[in-house]
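In the numbering used here, the protein residues as written are 1 to 290. Even glycine gets a Cβ: it sits at the ideal position worked out from N, Cα and C. The structure presented is a predicted model; accordingly, all values stated were derived computationally and were not measured.
1) I believe residue 140 touches residue 87 by the beta-carbon criterion, under 8 Å. Please report the beta-carbon distance rounded to the nearest angstrom.
2) Have a look at residue 107 and residue 67 and give me their C-alpha separation to the nearest angstrom.
3) How is the alpha helix (DSSP H) around residue 110 delimited, first residue to last?
4) Tell me which residue opens and which closes the beta strand (DSSP E) that residue 357 is part of.
5) Exposed or buried, what is residue 22 when buried is set at 16 or more other beta-carbons lying within 10 Å of its beta-carbon?
6) From this set, 39, 187, 96, 94, which residue's C-alpha is nearest residue 70's C-alpha?
7) With a CB to CB cut of under 7 Å and the five nearest residues on each side skipped, what residues in its chain are close to residue 42?
8) Start and end of the beta strand (DSSP E) containing residue 17?
9) Please state if the CB of residue 34 and the CB of residue 134 are separated by a distance shorter than 8 Å.
10) Which of helix, strand or coil does DSSP assign to residue 225?
11) Would you call the region 94 to 107 and the region 72 to 79 in contact, with 3 or more CB pairs under 8 Å?
12) Consult DSSP for residue 120 and reduce its assignment to one of helix, strand or coil.
13) Please identify the residue among 176, 79, 59 whose C-alpha is closest to the C-alpha of residue 297.
14) Of all the beta strand (DSSP E) runs that stay within the bounds of the region 41 to 96, which reach a length of 3 or more residues?
15) Using the three-state DSSP reduction, which class does residue 135 fall into: helix, strand or coil?
16) With DSSP as the reference, label residue 175 as helix, strand or coil.
17) Count the other CB atoms within 10 Å of the CB of residue 190; is the residue buried (16 or more) or exposed (fewer)?
18) Should residue 119 and residue 93 be called a contact, given that it needs their Cβ atoms to be closer than 8 Å?
19) Check whether the region 250 to 260 touches the region 168 to 182, counting contact only when three or more Cβ pairs, one atom from each stretch, lie closer than 8 Å.
20) Going by beta carbon distance, what residues of the same chain come within less than 8 Å of residue 82, once the five residues before and after it are set aside?
21) Taking the alpha-carbon positions, what's the residue 9 to residue 84 distance?
22) Just how far apart, CA to CA, sit residue 242 and residue 186?
23) If you draw a straight line from the alpha carbon of residue 58 to that of residue 113, how long is it in whole angstroms?
24) Report all residues from its chain with a CB closer than 8 Å to the CB of residue 95; omit the five preceding and five following residues, and keep chain order.
25) Just to confirm my understanding: we take residue 19, look at its own chain, exclude 5 residues before and 5 after, and list those with CB closer than 8 Å. What are they?
26) Going by the DSSP bridge assignment, what does residue 217 pair with across the sheet?
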C-alpha cells in the first residue's frame, strides 16, 4: 500500500456544492477523506427538513429528515469517489442540539450502520456554516486498502466480512448475505467430527447441470482465482465453492448447518453398518490427491 499517493480534490456532480474553497473529498493513499457533509441539496435553495424565516434563520427543523439527507449525500460522494458506504471506517458527527437531537440521530445511525460499524465521535457545536442541525465528517477506505490489511471481502455482495467464532475457529462471515469463508483446514474443524477428511471433496460439477443464483465467484483470499463448484453430497445437493489455489471454501448461508446434518446422518448410518450411502462418502473423502 502506498502511503504517499495523493490525488487532486474529488468533486461529486450529485452532492451539494461546497460552501468554501474545498473539494467534496480527497484521497491519500488508500484512504478517502470527506469534507463535512450536511443535508443540503445540489442546485436547491431549500434545505431538507429546515424551515427558515425571511432573514435565513432557523424557525424549525426535522432532525430525521436532515439526518437521512446527510446520509444520502455522504453515500453519493463515496460512490463518486470509487468507495462505498460499507468502507466507512471513521465518522465525526456535529450536532447543534445534543440533548434534543442525539437520541433520534443515534437511532437512525444504528439503522444505516447495522452491518458496518466504524469508529465515531459526536460533538455538540453552537452552529454550523449553513442553517442546519447536523453534519458528518467521514473517512473511508478506497482501492485495495482492505486487502492490504488482510481483510476478506464477500465474493457475492462485495462487503467486508467480519470475524465469527465457530467452536474454537474464527472464520470470515458476510453479515448481509450470511456466507462464510473458510481457510484450508478450517472445514474439518468447524464441521461435525467424522472419520476421514471432509476437505477432500472434489465432485466437480462442471459436467452437471446446476442452478446457481450467483454463478462463478472469485476467491476472496486469492482475488483473481475463480472458485470451482464442488459437490458435498449428491443426495442433498450441497454445493460449495472451492479455491484450487489456496484450498479455501466459500459456503452460502445455512450450508454449514446442512453439512453438519448430513455428517451426523452418515455417522449414524456407519454405526448401523448401512453401506450404500457410504459409497459416495468414500469418493468424497478420497477423490482429491493428498
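The short version:
1) 5 Å
2) 11 Å
3) 98 to 112
4) Absent from the structure is residue 357, since the part of the chain shown begins at 1 and ends at 290.
5) exposed
6) 39
7) 14, 15, 16, 17
8) Run containing residue 17: none; DSSP gives neither H nor E here.
9) no
10) coil
11) no
12) strand
13) Nothing in the structure corresponds to residue 297, since the chain is present only between 1 and 290.
14) 50 to 52, 58 to 61, 88 to 95
15) strand
16) coil
17) buried
18) no
19) yes
20) 142, 143
21) 17 Å
22) 13 Å
23) 29 Å
24) 101, 102, 105, 122, 123, 124, 125, 133, 134
25) 129, 130
26) DSSP, once it has assigned bridges, lists no residue as partnering residue 217.
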